[in-house]
Structure formats: structure tokens, C-alpha cells
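Chains as they are written, first to last, in this note's numbering: chain A, 1 to 217; chain B, 1 to 205. One structure below.
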Ligand SMILES: [Zn+2]
């Protein structure tokens, strides 16, 4: 569909920060998917212009793998300890969901399950799929892949939910010996996982989805 | 270093497709024909309305941070906390990483965002670019996804339900202030702040 010209074909670059359309230095029509910086700054906001986010694949892979490594202790280790007079209970993310379900709030249990388990898993699977398919220059389901990326961007930060729950309960439940809540290392790993997956989805450049050899839709 | 007229063209940031910009009518949303991403949205809020929203959000934000969020009761004892109580408790309990995360996403970043927006809009109201306009607009862009007040409201709800099994739970004004703040954020979410670049042209600093 040549009716839809792309910026790289017309020698244009959109500034990723302010959106200004800038004319690219002619002659450098190379497009290797990893972004060719021309060391040209956006005349409006001063950000260095890149045709694609620099080192998008390498950065996204690195952040995603780091996030996945931290995601394992985040799930295995308990995130919170509840101690009362006669028992001590260590909660993991999953046991927290189960407890919420038993407490008679299946709706909230589903929300927490979605935010803490489904969303991170979706991010790993979605970004992994996007990386592999884009690196191969695949023309498969491009519109759907583009939508998947936007979904990941939109819902990513809701995973912080459980971190806030632990922080609030820790500050609230302080009845000397009667009842106490303490954070456990799992919650630190989980918070870092969320930050890293957010950084990973930010460093992926969705324009790479459309950069394959068969640019035809 | 050439540049084309910023007004005439529009590039989809999700797939790099170039469009000729068209004027949007009220309520219109321009979508990319290739990847279906939103290109541009007509925003109904005037600069004055946005400024009013931001000022309201600031007042609500102060209240959300000063007032206790919720109070628990257990055999005659009571315990309550504010946002800063959470931040300090996490710091004390060897979860400094979480403490910093909470302070950044629920306090410093939202506060910074509101102050900067208030500053920019105050000058935009008079059709002028505020001192530091360019730098603040760039910071606002990067701050985008790192403010999480609306996630906290849901988190507080989950914490209340969990605590309800063992304690008497009394919601405090702080939680209502947070709910109001979320509502304001939702109204503001439809506004593309990048329009300020065009709304207040250069040379008006
Ligand atoms: Zn597009």
C-alpha cells in the first residue's frame, strides 16, 4: 500500500519526545532497525533524533531477561509476614490471591491475580514475541502485534498493586504483640520486576514491527 | 539541519506512517490507517479548564497526603497511617527499595507533574511560554507512566478487604481524597500534553 508512505521513505523523522516532524539529512537512507542516529537534535525540544530508538533490541532483551530473573524470587519468596499472638504466616503473591478469594472477595482476587500474575506474564510473552518476530522481519499479524504492544504499555504499571498493598498493610497493622505485618524480600524483587518490565516495554520501538523486508500489508 | 513545517505533517509514532494533518472536529479521534494507533484527538478542555483541574488536583493531593488513609481497630487499640507513614514504615522494615518506589510514584512524581503543569498552564493562559518551557515539557514526557496514584486507590481497597478479616476497618478522609484524585486524573488522561507545543508557539517566552 504505497498510499501510506513511511517517514523513513520520505526522509522524515518524528521526534519521540515532542512529536515534531523533522527532515532527515539526505543520503543516509540506511535502515537497520536498530536506529541510525545522525546526531541531529530536534529543533523544538533539543532531543537527539533517531529514526528508531537506539539499540532497541539489545536494550529490550537485556531488561526483559533481567526482569524475568527477578520475577522468579518475586514469586517464590514470601512478600509479607503477618504475625499475631499465636501464629506467624508468610504470604507469597499467589497465597495472597488465594486468601483474598477465601475472604469472600472473588472479584478483588481476580483483579489482584490479573495485576500481579497475568500482566507480568503477558509482558514477558508479548515482548518476547514482539522481539523475535520483529527481529526476523516477520509480516505476520502486524496490526495485532502493534495492538499487543499498546496493550502492554497501557496496563504495565498496574502490576505495582501488590507492592502498595504490602506497604499499606505494613504501616497499618502495628498492634505491638497482638498483630504485626512486615514486608519480606519477595516484595522488593517484585517491585524491581515491575520497574524493569516497564523500562523494557519503553525501550522497544513499535516501528520495528513494520520494518520487515515485506513491507506490504 | 533542515526542518519542515510542523503543522502540515503528522507521523504515527507507532509505525512511522506519514499523514497530512487535518483539522479535528469536537470529539474526533484520528487513527492510523496502518496500525490503528491513535494519531491525534480533539481535546475539549481549554487551557483555563486544564488549569482549574490541575489546581483542584493539587488541593486534593495535599489532602490525600495529610489525612490518614484508613484506621484499623483491634481489641480497643487503633492504628492508622498516611502515605508518608507507609513510606517511612517500608524504610524502617529493610525494604528501602520499596520505600523509594512508593515515594517516587505516589508522592514526588505526581507532585512534580502537577507543579510543572500548573506552571506551564499559568503562562499558557496568557498565550506565553513559561520560563523553562522546553525543559519542563521534556521532563513531563519522561514522567508520563511513572505516576501511580490510581493504582494505589485499588491497592488500598485490596488492603482494606484483607484487613477486614481480622480487624475493624474505618476508612479515613485520605482514601476519599485519593478517590477524587483518581477521578481528576481520569478526566485529564484524555489530554495530549504535546498540544501545548502548538498551543503556545515559540518566541512568546
Ligand atoms: Zn500507525
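Every residue gets a Cβ at the ideal spot worked out from N, C-alpha and C, and that includes glycine.
>> Can you determine whether any heavy atom of ligand 1 sits closer than 6 angstroms to the C-beta of residue 182 (chain B), and answer yes or no?
In response: no
>> Cutting at 8 angstroms between CB atoms, please list the residues of its own chain near residue 74 (chain B), excluding the five before and the five after it.
In response: 166, 167, 168
> Which partner residues does residue 73 (chain B) have in the DSSP bridge list?
Replying inline: B:78, B:168
>> If distances are taken between C-alpha atoms only, which option among A:140, A:60, A:197 comes closest to residue 210 (chain A)?
In response: A:140
> Can you list, in chain order, the residues of the stretch 143-154 of chain B whose Cβ is nearer than 7 angstroms to any Cβ on chain A?
Replying inline: 145, 148, 151, 152, 154
>> In whole angstroms, give me the CA-to-CA distance for residue 193 (chain A) and residue 121 (chain A).
In response: 11 angstroms
> Given that residue 14 (chain B) touches chain A, what residues does it touch there, using C-beta distances under 9 angstroms?
Replying inline: 146, 149, 150, 206, 207, 209, 210
> Under a three-way DSSP split, which group does residue 40 (chain A) fall into?
Replying inline: strand
> Rounded C-beta distance between residue 13 (chain B) and residue 16 (chain A)? I'm assuming under 8 angstroms.
Replying inline: 7 angstroms
> In the structure shown, what three-state DSSP assignment does residue 3 (chain A) receive?
Replying inline: coil
> Under the criterion of a Cβ to heavy atom distance below 6 angstroms, does residue 34 (chain B) qualify as lining ligand 1?
Replying inline: yes
> When the cut-off is 7 angstroms and only beta carbons count, does residue 78 (chain B) lie next to chain A?
Replying inline: no
> So is residue 34 (chain B) in contact with chain A if we call contact Cβ pairs under 7 angstroms?
Replying inline: yes
> What residues from chain B crowd round residue 157 (chain A), counting only those whose CB sits closer than 7 angstroms?
Replying inline: 145, 148, 151
> Since residue 172 (chain A) contacts residue 72 (chain B) with CB under 8 angstroms, what's their CB separation in whole angstroms?
Replying inline: 5 angstroms
> Near residue 82 (chain A), which residues of its chain fall below 6 angstroms by C-beta distance, leaving aside the five closest residues on each side in sequence?
Replying inline: 89, 181
> Using Cβ-Cβ distances below 7 angstroms, what residues of the stretch 45-66 of chain A are close to chain B?
Replying inline: 45, 46, 47
> What does a CB cutoff of less than 6 angstroms around residue 169 (chain A) pick up in its chain, not counting 5 residues either side in sequence?
Replying inline: 181
> Residues of chain A with a CB under 8 angstroms from the CB of residue 9 (chain B): which are they?
Replying inline: 12, 21
> What in chain B is Cβ-close to residue 179 (chain A), meaning under 8 angstroms?
Replying inline: 74, 166, 167
> Given that a residue counts as buried once 16 or more other Cβ atoms are within 10 Å of its Cβ, and exposed if not, what is residue 86 (chain A)?
Replying inline: exposed
>> So that I know if they touch, is there some Cβ in chain B lying closer than 7 angstroms to that of residue 80 (chain A)?
In response: no
> Mind checking if residue 18 (chain A) is an interface residue toward chain B, Cβ cutoff 7 angstroms exclusive?
Replying inline: yes
> Relative to the alpha-carbon of residue 190 (chain A), which residue among A:179, A:176, A:161, A:142 has its alpha-carbon at the smallest distance?
Replying inline: A:161
> So what does DSSP say about residue 175 (chain A), is it helix, strand or coil?
Replying inline: strand
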